[in-house]
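Note sheet for the following structure.
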Amino acid sequence: MCPKTKKSRWTLVLTPEQVELFQRLCKGKQPTDLVLTAPEGGAWHSGVVHAHRWKPALGAADAAGLTKRPRTHELRHAHASWLIAGRVPLPVIRTRLGRESIATTVDRYGHLLEASDDEVVAAVQWAIGAAVVPRELSEAA
Numbered sequence: 018m019c020p021k022t023k024k025s026r027w028t029l030v031l032t033p034e035q036v037e038l039f040q041r042l043c044k045g046k047q048p049t050d051l052v053l054t055a056p057e058g059g060a061w062h063s064g065v066v067h068a069h070r071w072k073p074a075l076g077a078a079d080a081a082g083l084t085k086r087p088r089t090h091e092l093r094h095a096h097a098s099w100l101i102a103g104r105v106p107l108p109v110i111r112t113r114l115g116r117e118s119i120a121t122t123v124d125r126y127g128h129l130l131e132a133s134d135d136e137v138v139a140a141v142q143w144a145i146g147a148a149v150v151p152r153e154l155s156e157a158a
């Protein structure tokens, strides 16, 4: 499947383990070949994902006694939340989510940012420490 627009083409950052996995999966394939195919072959589409992956996962969650019934879109929110917890900067998260505006990302996920008073004090101390204080001012204090 080709991207519909230039913005539809994303670059993903992968762990070394993921790179190794995809190198194995791509071995012997042509650049236009699908790497991850649906159970019947061909591309994954939302209906196939829902039937072959999501519904079985919900069934397993039910069997384990979990009561919430998340939608697949909530995986996107979980991913963004995990990135915020890992202190990934919001502009990077915005780009990963494919958002045009940082405001949308801040409005949706800003409440998850935990800037403690200690972090604020440390930032101010760092900034002041980098400044040169004239002798007259330091003696007047």
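So the working numbering is basically just the index in the sequence shown, starting at one, shifted up by 17.
A virtual CB, placed ideally from N, CA and C, is assigned to each residue, including glycine.
DSSP places R41 inside the alpha helix (DSSP H), whose first and last residues are 33-43. Within 10 angstroms of the beta-carbon of I101 lie 16 or more other beta-carbons, which makes it buried. Spanning the alpha carbons of P87 and S118 requires a straight line of approximately 26 angstroms. The Cβ neighbour count for I145, taken over all protein chains shown within 10 Å, is under 16; the residue is labelled exposed. E136 sits in a helix when the DSSP states are folded into three classes.
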